[in-house]
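Novice: Could you have a look at this structure, given as structure tokens, before my questions?
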Amino acid sequence: MKNYSLRPATARSRVLIVDEAHENRLLVGQWVRCAGHEVVLADGGQRALKLLSDENFDLILLDFRMQRMDGFDVLRRIRINPALTQIPVVVSGVDELEVIIRCIEGGAEDYLTWPVAPPLLLARVHACLEKKRLRDGERRYLQELLDLKRDLARRNEELTVANALLEETARTDPVTGIPNRRSAMKSLDHLWALANRTEQSLACLMVDIDHFKAVNDNYGHQAGDRVLRETVAAMKKGMRASDVLGRWGGDEFLILCPATEAASARACAGRLVRLVGRQARARARLPVTVSVGVSQKLDRMTHPEQLIQAADEALYEAKRAGRDQVSAAG
């Protein structure tokens, strides 16, 4: 028998040959096998569908003239199965134009009239396999793009979370969880500009924990950190939601009170002194008090640092006068 082993245009593929005619099935199978492909034979539609459900194939050569289940019925069942839609089907044994059109519209990749010359059959086989290879490559490429897009989206989300965490860490005091000095200064600049724009008042409270160094020296830094956190918790009870509390230094805190006149600021400071003192009395082992200096934004002030300086000077007066009290800038 003449060898029609044309050089295949694709790598070795699995081809399912479906034909009820025994001799045709063997003959076509031998041609395809000689072209370098793996061949599986099915003697009818039911057998073909069973093989397709159990194994993977790259191409189906389907005879249209079968009696038990005609080729179009087999083609229809293949095309309604999502797992099989990507396998090209070449229908053989079709001669009438109407039947050819029906098969193509039903999902056939190509058709062959019978009898067929082996070189033509193999050329059609290789063309269909090459098209499938290209389509499979496109699908893999698109899937890789989708996977890459999802991976980039996930990484961007992780980066956004990490950046937000870093930003939060950069502006938060790690011991007390309140804004640090840098963040408090930004709030001061914002509130200062707002007060200038709206001609509203702005008050500043500088709070210092009395004898805090002795707490660290006598009880350790863990106890000192606990005192800082408890002092913050106590002060928050006496503040408005619009007030800004920040840690200014080791034992100092800054409180900014927008739209607050001098009398209200002094009242707030006195309330903080009482709240911290009340908490200290409840914790007899570590009695803690605070001193507070109060300043008010004045017309002669041109920079926010002047508001801080005035509150700092008032704080010094409160500590010089005996601590555990409030002093307001003149």
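Numbering-wise (my numbering), the sequence shown opens with residue 8 and increments by one.
We put the beta carbon where it would ideally sit given N, CA and C, even for glycine.
I'd like to confirm the pairing. Which residues does DSSP put opposite Ala49 in its beta bridges?
Specialist: Taking the sequence shown and counting its residues from 1, the one referred to as residue 49 is at position 42. Looking at the DSSP assignment, Ala49 forms a beta bridge with Val25.
Novice: Note down the Cα distance separating Ala49 from Val25, rounded to an integer number of angstroms.
Specialist: What you label residue 49 is simply residue 42 of the sequence shown in a count that begins at 1. What you label residue 25 is simply residue 18 of the sequence shown in a count that begins at 1. Distance between the alpha carbons of Ala49 and Val25 is about 5 angstroms.
Novice: From this set, Ala134, Arg75, Leu127, Arg54, which residue's C-alpha is nearest Glu116's C-alpha?
Specialist: The residue you call residue 116 lines up with position 109 of the sequence shown. Cα-wise, what sits closest to Glu116 is Ala134.
Novice: Report yes if the C-beta distance between Ala202 and Ser208 is below 8 angstroms; otherwise report no.
Specialist: Position 195 of the sequence shown, counting from 1, holds the residue named residue 202. Position 201 of the sequence shown, counting from 1, holds the residue named residue 208. Yes; because the gap between Cβ atoms is below 8 angstroms, this pair is in contact.
Novice: Can you check which of these residues, Lys156, Leu69, Ser60, is closest to Cys110 by C-alpha distance?
Specialist: By 1-based counting over the sequence shown, the position of residue 110 is 103. When only C-alpha atoms are compared, the closest one is Leu69.
Novice: Using 8 angstroms as the Cβ pair cut-off and three pairs as the minimum, do the segment 164-179 and the segment 267-276 touch?
Specialist: No: fewer than three Cβ pairs fall under 8 angstroms.
Novice: Which term fits Ala336, buried or exposed, when burial requires 16 or more other beta carbons within 10 angstroms of its beta carbon?
Specialist: Taking the first residue of the sequence shown as position 1, residue 336 is located at position 329. Counting Cβ neighbours within 10 Å, Ala336 comes out buried, since at least 16 surround it.
Novice: Going by C-alpha distance, which of Ala130, Asn187, Gly284, Arg84 is nearest Gly245?
Specialist: Indexing the sequence shown from 1 puts residue 245 at position 238. With distances taken between Cα atoms, Gly245 lies closest to Gly284.
Novice: Where does the unbroken alpha helix (DSSP H) through Arg254 begin, and where does it stop?
Specialist: In the sequence shown, residue 254 corresponds to position 247, counting from 1. Looking at the DSSP string, Arg254 is not in any alpha helix (DSSP H); the run it does join, the beta strand (DSSP E), is 251-254.
Novice: Rounded to whole angstroms, how far is the Cβ of Arg75 from the Cβ of Gly52, which I believe are closer than 8 angstroms?
Specialist: Stepping through the sequence shown from its first residue, residue 75 is reached at position 68. Stepping through the sequence shown from its first residue, residue 52 is reached at position 45. Rounded, the Cβ-Cβ distance is 7 angstroms, consistent with contact.
Novice: If we call anything under 8 angstroms between Cβ atoms a contact, is Val234 one with Val295?
Specialist: Here residue 234 refers to the residue found at position 227 of the sequence shown. Here residue 295 refers to the residue found at position 288 of the sequence shown. For Val234 and Val295, yes; Cβs fall inside 8 angstroms.
Novice: Quick test of the definition: if touching needs 3 or more C-beta pairs under 8 angstroms, does the segment 242-262 touch the segment 160-175?
Specialist: The segment 242-262 is not in contact with the segment 160-175.
Novice: CA-CA distance, Val299 and Leu282?
Specialist: One-based indexing of the sequence shown puts residue 299 at position 292. One-based indexing of the sequence shown puts residue 282 at position 275. If I take the Cα positions, the gap works out to 13 angstroms.
Novice: Under the rule that 16 or more other beta-carbon atoms within 10 Å means buried, what is Arg327, buried or exposed?
Specialist: Here residue 327 refers to the residue found at position 320 when the sequence shown is read from its first residue. It is exposed - the Cβ of Arg327 has fewer than 16 other Cβ atoms within 10 Å.
Novice: Going by Cα to Cα distance, which pick from Leu33, Leu128, Asp217, Tyr118 is closest to Val98?
Specialist: Locating residue 98 in the sequence shown gives position 91, counting from the first residue. Checking every option, the nearest Cα to that of Val98 belongs to Tyr118.
Novice: Determine the DSSP secondary structure at Gln303, reduced to helix, strand or coil.
Specialist: As a working mapping, residue 303 is identified with position 296 in the sequence shown. Gln303 falls in the strand class under three-state DSSP.
Novice: Do you know offhand how far Asn63's Cα is from Ile107's?
Specialist: Residue numbering aside, residue 63 sits at position 56 when the sequence shown is read from its first letter. Residue numbering aside, residue 107 sits at position 100 when the sequence shown is read from its first letter. So the two alpha carbons sit approximately 26 angstroms from each other.
Novice: Do Arg288 and Thr183 count as a contact pair if the criterion is CB distance below 8 angstroms?
Specialist: Here the question's residue 183 lines up with position 176 in the sequence shown. Here the question's residue 288 lines up with position 281 in the sequence shown. Cβ distance not < 8 angstroms, so Thr183 and Arg288 don't count as in contact.
Novice: From Asp158 to Ala124, what does the alpha carbon distance come to, in whole angstroms?
Specialist: Here the question's residue 158 lines up with position 151 in the sequence shown. Here the question's residue 124 lines up with position 117 in the sequence shown. For Asp158 and Ala124, the distance between alpha carbons rounds to 51 angstroms.
Novice: What first and last residue would you give for the alpha helix (DSSP H) that runs through Ile67?
Specialist: On the sequence shown, residue 67 is found 60 positions in, with the first residue counted as 1. Unbroken run through Ile67 is the beta strand (DSSP E), 66-70; no alpha helix (DSSP H).
Novice: Report the option in Asp77, Asp217, Arg142, Thr238 whose CA atom is closest to the CA atom of Glu339.
Specialist: The requested residue 339 does not occur in the structure, where the chain is confined to residues 8 to 337.
Novice: Between the C-alpha atoms of Ile185 and Leu252, what's the straight-line distance to the nearest angstrom?
Specialist: For the purposes of this step, residue 185 is taken as the residue at position 178 of the sequence shown. For the purposes of this step, residue 252 is taken as the residue at position 245 of the sequence shown. For Ile185 and Leu252, the distance between alpha carbons rounds to 7 angstroms.
Novice: How far does the alpha helix (DSSP H) with Leu104 in it extend, from its first residue to its last?
Specialist: The sequence position of residue 104 within the sequence shown is 97, counting from 1. Here the alpha helix (DSSP H) through Leu104 covers 104-112.
Novice: Quick check on the DSSP output: the beta strand (DSSP E) that includes Ala335 runs from which residue to which?
Specialist: Taking the first residue of the sequence shown as 1, we reach residue 335 at position 328. From DSSP, the beta strand (DSSP E) with Ala335 extends over 333-335.
Novice: Return the CA-CA distance between Arg160 and Val168, expressed in angstroms with no decimal places.
Specialist: Taking the sequence shown and counting its residues from 1, one reaches residue 160 at position 153. Taking the sequence shown and counting its residues from 1, one reaches residue 168 at position 161. Residue identity differs from the one stated: residue 160 is Ala in this sequence, not Arg. In a straight line, the C-alpha of Ala160 is about 12 angstroms away from that of Val168.
Novice: Could you name the residues of the same chain whose beta carbon sits closer than 8 angstroms to that of Gly100, not counting the 5 residues immediately before and after it, in chain order?
Specialist: Against the sequence shown, residue 100 aligns to sequence position 93. Counting only Cβ-Cβ distances below 8 angstroms, and skipping sequence neighbours, we find Asp70, Phe71, Arg72, Gly78, Leu119, Thr120, Trp121.
Novice: In whole angstroms, give me the CA-to-CA distance for Pro311 and Lys156.
Specialist: As a first step, residue 311 is located in the sequence shown; it is residue number 304 there, counting from the start. As a first step, residue 156 is located in the sequence shown; it is residue number 149 there, counting from the start. Going by the C-alpha atoms only, they are around 48 angstroms apart.
Novice: Which term fits Arg14, buried or exposed, when burial requires 16 or more other beta carbons within 10 angstroms of its beta carbon?
Specialist: For the purposes of this step, residue 14 is taken as the residue at position 7 of the sequence shown. Unreliable positioning characterises Arg14 in this predicted model, as indicated by a pLDDT of 48, which lies under 50. The coordinate reading is nonetheless provided below. Answer is exposed; the Cβ neighbour count stays below 16.
Novice: Could you round the C-beta distance between Arg319 and Met213 to whole angstroms and report it? I think they count as a contact, below 8 angstroms.
Specialist: Numbered from 1 along the sequence shown, position 312 holds the residue referred to as residue 319. Numbered from 1 along the sequence shown, position 206 holds the residue referred to as residue 213. The sequence given here has Asp at residue 319, not Arg. Yes, Asp319 and Met213 are in contact; Cβ-Cβ is about 5 angstroms, under 8 angstroms.
Novice: Strictly by DSSP, which residues pair up with Ala210?
Specialist: Numbered from its first residue, the sequence shown carries residue 210 at position 203. Answer is Cys264, Gln303.
Novice: Determine, using beta carbons only, whether Asp250 and Ile216 come nearer to each other than 8 angstroms.
Specialist: Position 243 of the sequence shown, counted from the first residue, corresponds to residue 250. Position 209 of the sequence shown, counted from the first residue, corresponds to residue 216. Contact: no.
Novice: Near Val81, what residues of its chain come up, given a Cβ to Cβ distance below 8 angstroms and the 5 sequence neighbours on each side ignored?
Specialist: As a working mapping, residue 81 is identified with position 74 in the sequence shown. Val25, Gly52, Ala55, Leu56, Leu69, Met73, listed in sequence order.
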